[in-house]
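Single-structure report; data block below.
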Amino acid sequence: MRSIVLAGLCSAVLLSGAAYAQSGAPIKIANVAELSGGGATVGNNWKNGIDLAVEEINAKGGILGRKIEVSHADSQSNPGVARAQVQKALDGEPYVLLGPGYSGSVKVTAPLAAEAGITQIMGGEAAELTQAGNKFLFRTSFGQQSSMPKVAKYINDELKAKSVAVVWVNNDFGRGGRDVITKEFNRLGIKVAADLSTEAGQADFAADVSKIKAAAPDAVFIYVNEEESARILKEIKRQGVTAPLIGETTLVGQKVIELAGDAANGARGHVGLTTDAPVEAVKAFRDRFVKKYNYVPDHNGLKGYLAIYMVKATTEKMGKVDSKAFADTLHGLTIKTSTEPNILMDVTFDQNGDIDRQGFLVEVVEGKQVVKQVLPKLN
Amino acid sequence: MSKHNRLLLVALSIIVVAGLIIIPMNFNRYGLYILSQWAVMTIAAMGLNLTLGYAGQVSLAQGAFVGIGAYGAAILTTHGWPLIAALGLVIVICFVVGWLLGYPALRVQHHYLAFVTLAFSTLMFLVFRNESWLTNGIYGISNIPRPEVFGFPTRKPLPFYYLCIGSLGLVTLAMWWLIRSPWGRAFMALRENPIRAQSLGIDTRRYTLMAFAIGSVLGGIAGVLYAPLTQYVDPVPFNLQLSLDLLMMVIVGGSGFMLGPFLGAMIAVLLPEWLRFAEGYYLMLYAAAVIVLLIYSPSGILGILDRYLSSRRTQAASALRAAAQSKLEAAQ
Numbered sequence: 004m005r006s007i008v009l010a011g012l013c014s015a016v017l018l019s020g021a022a023y024a025q026s027g028a029p030i031k032i033a034n035v036a037e038l039s040g041g042g043a044t045v046g047n048n049w050k051n052g053i054d055l056a057v058e059e060i061n062a063k064g065g066i067l068g069r070k071i072e073v074s075h076a077d078s079q080s081n082p083g084v085a086r087a088q089v090q091k092a093l094d095g096e097p098y099v100l101l102g103p104g105y106s107g108s109v110k111v112t113a114p115l116a117a118e119a120g121i122t123q124i125m126g127g128e129a130a131e132l133t134q135a136g137n138k139f140l141f142r143t144s145f146g147q148q149s150s151m152p153k154v155a156k157y158i159n160d161e162l163k164a165k166s167v168a169v170v171w172v173n174n175d176f177g178r179g180g181r182d183v184i185t186k187e188f189n190r191l192g193i194k195v196a197a198d199l200s201t202e203a204g205q206a207d208f209a210a211d212v213s214k215i216k217a218a219a220p221d222a223v224f225i226y227v228n229e230e231e232s233a234r235i236l237k238e239i240k241r242q243g244v245t246a247p248l249i250g251e252t253t254l255v256g257q258k259v260i261e262l263a264g265d266a267a268n269g270a271r272g273h274v275g276l277t278t279d280a281p282v283e284a285v286k287a288f289r290d291r292f293v294k295k296y297n298y299v300p301d302h303n304g305l306k307g308y309l310a311i312y313m314v315k316a317t318t319e320k321m322g323k324v325d326s327k328a329f330a331d332t333l334h335g336l337t338i339k340t341s342t343e344p345n346i347l348m349d350v351t352f353d354q355n356g357d358i359d360r361q362g363f364l365v366e367v368v369e370g371k372q373v374v375k376q377v378l379p380k381l382n
Numbered sequence: 031m032s033k034h035n036r037l038l039l040v041a042l043s044i045i046v047v048a049g050l051i052i053i054p055m056n057f058n059r060y061g062l063y064i065l066s067q068w069a070v071m072t073i074a075a076m077g078l079n080l081t082l083g084y085a086g087q088v089s090l091a092q093g094a095f096v097g098i099g100a101y102g103a104a105i106l107t108t109h110g111w112p113l114i115a116a117l118g119l120v121i122v123i124c125f126v127v128g129w130l131l132g133y134p135a136l137r138v139q140h141h142y143l144a145f146v147t148l149a150f151s152t153l154m155f156l157v158f159r160n161e162s163w164l165t166n167g168i169y170g171i172s173n174i175p176r177p178e179v180f181g182f183p184t185r186k187p188l189p190f191y192y193l194c195i196g197s198l199g200l201v202t203l204a205m206w207w208l209i210r211s212p213w214g215r216a217f218m219a220l221r222e223n224p225i226r227a228q229s230l231g232i233d234t235r236r237y238t239l240m241a242f243a244i245g246s247v248l249g250g251i252a253g254v255l256y257a258p259l260t261q262y263v264d265p266v267p268f269n270l271q272l273s274l275d276l277l278m279m280v281i282v283g284g285s286g287f288m289l290g291p292f293l294g295a296m297i298a299v300l301l302p303e304w305l306r307f308a309e310g311y312y313l314m315l316y317a318a319a320v321i322v323l324l325i326y327s328p329s330g331i332l333g334i335l336d337r338y339l340s341s342r343r344t345q346a347a348s349a350l351r352a353a354a355q356s357k358l359e360a361a362q
């Protein structure tokens, strides 16, 4: 008798366990990012953005009634380690893979995720990543192949510059941007008057700026990280270079304005995704982030946050948790703020996994970002 | 070593080798990847162990040689060369470059030598990054094919692991032979007392250069395996950090011990993975563990074993002496 009761109990537990697995088990998502090493700022912003989004979604009952569970693994900013960690993550059969942020680490891991048929939502911005025909790879921000032509067009049409000095940071981010924009300049017949490679973490830009001065260009294009942007802006002001200064998110961000002070005034840039974007939802996100972590995130924090909401929107569109159909659903999907407010801006994904979203051209005026032009979504 | 001990050692090595072949059969891809990484790093550390542990020359350039090997394999195999041909060329290049790098070692010693080799390390990093025509610069080289060995493809993780572990086996045998040859004794003489070595007729100049050249070749071999293992190379993994890591592997494992690099690479590659349960703190725990180990035993893990064995030997010897003494006294 006792054994029958016991067996009954056991089967009840097993049955409820099975039922639980079907409806209520957490959705497992794996994140592999640069949590230490040279990319620690990138990776930790990305991770915190993810955690914030997961916390919000779980507080509201999860996706389709299931909670999200994210595991974080550190790639040490090393592609070899990233490969190991992604392999480990894939062996655990996650629903979706997030990261890494460095383009090199994305290149080494993307074939693994594609082979496993798992969708990878990453932070890399190098142009070539989405051009290799990988059907499982998605961006969270503009690739350089879509942001740089907009900047080049602005320099050509609005500034009517005939020669430009290009300053870039010698890593995959800076080099990638420099290569795309130089190609655009060639196409538009703009001369590159000076081509200056700088180091990540460089402190002194006196020599670079004096080269810019000697080249006397019509405009200066600056594509380095935030801290270095502030340093070079100060040096440019000190040496009295008067040519217009154009850049990207990393030239006109809030952090640069804080660090460079007056020297940031007049700097212009294309801004795709930044916590300074003149959009109410983005400002609200920034406040929530600052409340939780006590610092202002850079655009990587935003990218991590959006990655999770991409997962949510895609899953709700499918109406089920299906990792095999995920990539197909996300291709060509438009996520609107009217249905998913936390996607922050309407966004469309194309067949390559590239992103289409509104952008802005801003100028720093008296220590504040002022939007000069809104670059609409293409489709 | 007594006959009994020798048998024990042989049995133990057979068990370890069999374990390395059989146990990973059930490993998942991640486990195999990490073990392959361990084998590759062990080869590189063995090279440095020869230069540093046996010949006593401090080098911070081993990571650069791994880089030369990796880039050599990456560039040549993506242009259709077989990996074995790339290996041959890399061995020649690393031998020549290592030999040339040895020249400063004839003039400067210890930390001055470390600085010279550090400069070489930095120089190589800049070559990998800035000579885009050859190395594709910061973008790196992707889609590096894995080789076929005697007709067997090694594209899958398990066959490639066997390639790595097989290479490690061959290198270990070669090293074992080298250490026990007159060359190995000459290297050690160089480390212990260069002047005495010279007075005994050892050409210290040639052996110093040779130690650098052979050590560098092993770094290159490790690199040749590293490229198809990750199937992507970019300059960042071959910066000074790797040379420092390799130096740590040699010192932590036990510099100048044949098995030191095996344990050192285990600490450097596997320990951080085991500590990952601590999430954000795993690198701190790892660093603390290494510091504690080196405070406890500055001569590394095998230093502990060595101390234990030699104290046992001393005890045994003094016991023999005491017994002999009492016998002598009794006889008187």
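Protein sequences, first through last, are from chains A and B.
So the number in the numbering used here is just where the residue sits in the first sequence, counting from 1, plus 3.
So the number in the numbering used here is just where the residue sits in the second sequence, counting from 1, plus 30.
Heads up, the beta-carbon is just placed ideally off N, CA and C, and yes, glycines get one too.
Q: Would you please state the rounded distance, in angstroms, between the beta carbons of A:S144 and A:H334? I believe it to be under 8 Å.
A: For this step, residue 144 of chain A is matched to residue 141 along the first sequence. For this step, residue 334 of chain A is matched to residue 331 along the first sequence. Not quite, the Cβ-Cβ distance comes to about 18 Å (not below 8 Å), so this is no contact.
Q.
9 Å is my cut-off, CB to CB: does B:R306 come that close to chain A?
A. Here residue 306 of chain B corresponds to residue number 276 of the second sequence, with the count starting at 1. It does: the Cβ of B:R306 has a partner Cβ on chain A nearer than 9 Å.
Q) Looking at the unbroken beta strand (DSSP E) that takes in A:K153, where does it start and where does it end? A) Mapped onto the first sequence, residue 153 of chain A falls at position 150. Taken as a continuous stretch (DSSP letters only), A:K153 belongs to no beta strand (DSSP E), being part of the alpha helix (DSSP H) at Q147 to D160.
**Q.** Complete beta strand (DSSP E) runs within the region 34 to 90 of chain A (minimum length 3 residues, chain order)
**A.** 71 to 77
Q. Does the beta carbon of A:V377 come closer than 9 Å to any beta carbon on chain B?
A. The residue labelled residue 377 of chain A in the question sits at position 374 within the first sequence. A:V377 does not count as touching chain B.
Q. Which chain A residues are close to B:S172, counting only those with a beta carbon under 8 Å from its beta carbon?
A. Here the question's residue 172 of chain B lines up with position 142 in the second sequence. Ordered by position in chain A, the residues that pass the 8 Å Cβ test against B:S172 are K110 and V111.
Q. In three-state DSSP terms, what is A:P29?
A. Residue mapping note: residue 29 of chain A aligns to position 26 of the first sequence, counting from 1. Note: A:P29 maps to coil in three-state DSSP.
**Q.** Nearest candidate by alpha-carbon position, reference A:Q88, set A:R234, A:E202, A:T245 and A:V35
**A.** By one-based count along the first sequence, residue 88 of chain A stands at place 85. Out of A:R234, A:E202, A:T245 and A:V35, A:V35 has the C-alpha closest to the C-alpha of A:Q88.
Q: Could you tell me whether the Cβ of B:I195 comes closer than 9 Å to any Cβ of chain A?
A: To locate residue 195 of chain B, count along the second sequence from 1; it is residue 165. B:I195 does not count as touching chain A.
Q | A:D198 - DSSP class collapsed to helix/strand/coil | A | The residue you call residue 198 of chain A lines up with position 195 of the first sequence. DSSP places A:D198 in strand when its eight states are reduced to three.
Q: Give the secondary structure of B:Y262 by DSSP, where H, G and I count as helix, E and B as strand, and everything else as coil.
A: In the second sequence, counting from the first residue as 1, residue 262 of chain B sits at position 232. Strand.
Q: Check distances from the C-beta atoms of the region 329 to 356 of chain A to those of chain B and list, in chain order, the residues that come in under 7 Å.
A: none
**Q.** Entirely enclosed beta strand (DSSP E) segments - the region 240 to 275 of chain A, minimum 3 residues
**A.** 248 to 250 and 271 to 274
(Q) Nearest by alpha-carbon distance to A:S74: which of A:L101, A:I66, A:A219 and A:E283 is it? (A) Position 71 of the first sequence, counted from the first residue, corresponds to residue 74 of chain A. Measuring from the Cα of A:S74, the nearest candidate turns out to be A:L101.
Q.
Which residues of the region 158 to 187 of chain A have a Cβ closer than 7 Å to any Cβ of chain B? Give them in chain order.
A. N173, N174, D175 and R178
Q) Can you pull the DSSP bridge partners for A:I225? A) Residue mapping note: residue 225 of chain A aligns to position 222 of the first sequence, counting from 1. According to DSSP, which records beta bridges pairwise, A:I225 is partnered with A:V170 and A:G250.
**Q.** Residue from B:G83, B:T72 and B:F190 whose Cα sits closest to the Cα of B:G214
**A.** For the purposes of this step, residue 214 of chain B is identified with residue 184 of the second sequence, where counting begins at 1. The candidate whose alpha carbon is nearest that of B:G214 is B:G83.
**Q.** Stretch-stretch touch, CB-based, cutoff 8 Å, three pairs: the region 111 to 126 of chain B with the region 315 to 334 of chain B
**A.** no
Q.
Quick check: is the beta carbon of B:G167 nearer than 9 Å to any beta carbon in chain A?
A. Taking the second sequence and counting its residues from 1, one reaches residue 167 of chain B at position 137. Yes, B:G167 counts as interfacial toward chain A.
Q) Is the Cβ of A:K214 closer than 9 Å to any Cβ of chain B? A) As a first step, residue 214 of chain A is located in the first sequence; it is residue number 211 there, counting from the start. No, because no Cβ of chain B sits closer than 9 Å to the Cβ of A:K214.
Q.
I'd like to know whether the C-beta atoms of B:M279 and B:A85 end up nearer to each other than 9 Å.
A. Here the question's residue 279 of chain B lines up with position 249 in the second sequence. Here the question's residue 85 of chain B lines up with position 55 in the second sequence. No; because the gap between Cβ atoms is not below 9 Å, this pair is not in contact.
Q.
At the 9 Å Cβ level, is A:P103 part of the contact set with chain B, yes or no?
A. Indexing the first sequence from 1 puts residue 103 of chain A at position 100. It does not: the Cβ of A:P103 has no partner Cβ on chain B nearer than 9 Å.
(Q) Any beta carbon from chain A within less than 9 Å of B:Y63's own beta carbon? (A) Counting from 1 along the second sequence, the entry for residue 63 of chain B is found at position 33. By this cut-off, B:Y63 is an interface position.
Q) In chain order, which continuous runs of the alpha helix (DSSP H) of length 4 or greater are located wholly inside the region 214 to 289 of chain B? A) 224 to 229, 234 to 260 and 270 to 283
Q. With DSSP run on the structure shown, which of helix, strand or coil describes B:V299?
A. The residue you call residue 299 of chain B lines up with position 269 of the second sequence. In the structure shown, B:V299 sits in a helix (DSSP, three-state: H, G or I).
Q: Output, in chain order, the set of chain B residues within a Cβ distance shorter than 7 Å of A:N189.
A: Within the first sequence, numbered from 1, the residue matching residue 189 of chain A stands at position 186. Near A:N189 there are no residues of chain B at all, since even the closest Cβ is about 17 Å away, more than 7 Å.
(Q) Please tell me whether B:F155 and B:L248 are closer than 9 Å, where the distance is taken between their beta carbons. (A) Taking the second sequence and counting its residues from 1, one reaches residue 155 of chain B at position 125. Taking the second sequence and counting its residues from 1, one reaches residue 248 of chain B at position 218. No, the Cβ-Cβ distance between B:F155 and B:L248 is not below 9 Å.
Q) Who are the Cβ neighbours of A:V212 in its own chain at under 6 Å, not counting the five residues just before and after it? A) Here residue 212 of chain A corresponds to residue number 209 of the first sequence, with the count starting at 1. Excluding sequence neighbours, A:V212 sits near E238, I239 and Q242.
Q) Since A:I235 and A:G272 are thought to touch, with beta carbons under 8 Å apart, how far apart are those beta carbons, to the nearest angstrom? A) For the purposes of this step, residue 235 of chain A is taken as the residue at position 232 of the first sequence. For the purposes of this step, residue 272 of chain A is taken as the residue at position 269 of the first sequence. The pair is not a contact, with the Cβ atoms about 13 Å apart (cut-off 8 Å).
**Q.** Exposed unless 16 or more other CB atoms sit within 10 angstroms - verdict on B:A236
**A.** Here residue 236 of chain B refers to the residue found at position 206 when the second sequence is read from its first residue. Here the sequence assigns Arg to residue 236 of chain B, which means Ala is not the residue at that position. Classification for B:R236: exposed.
Q: Going by CA-CA distance only, name the one from B:N166, B:F268, B:T108 and B:P189 that's closest to B:I52.
A: Sequence index remark: in the second sequence, residue 52 of chain B carries index 22 (1-based). For the residues B:N166, B:F268, B:T108 and B:P189, the minimum Cα distance to B:I52 belongs to B:P189.
Q) Interface residues of chain A around B:V266 at Cβ under 8 Å? A) Start at 1 with the first residue of the second sequence, and residue 266 of chain B comes out as number 236. Neighbours of B:V266 on chain A, chain order: G41, S80, N81, P82 and G107.
Q: Mind checking who A:Q354 pairs with in its DSSP beta bridge?
A: Against the first sequence, residue 354 of chain A aligns to sequence position 351. In the DSSP output, where bridge partners are listed per residue, A:Q354 has none listed.
Q: Look at the Cβ atom of A:Q257, then the Cβ atom of A:Q372, and state whether they are nearer than 9 Å.
A: Along the first sequence, read from residue 1 onward, the residue named residue 257 of chain A stands at position 254. Along the first sequence, read from residue 1 onward, the residue named residue 372 of chain A stands at position 369. Yes, Cβ-Cβ distance for A:Q257 and A:Q372 is below 9 Å.
**Q.** DSSP bridge partner residues for A:R142 (one or two, in chain order)
**A.** One-based indexing of the first sequence puts residue 142 of chain A at position 139. According to DSSP, which records beta bridges pairwise, A:R142 is partnered with A:M125.
Q) Closest to B:C194 by CA distance: which of B:N223, B:V122, B:Y256 and B:S89 is it? A) As a first step, residue 194 of chain B is located in the second sequence; it is residue number 164 there, counting from the start. Nearest C-alpha to B:C194: B:Y256.
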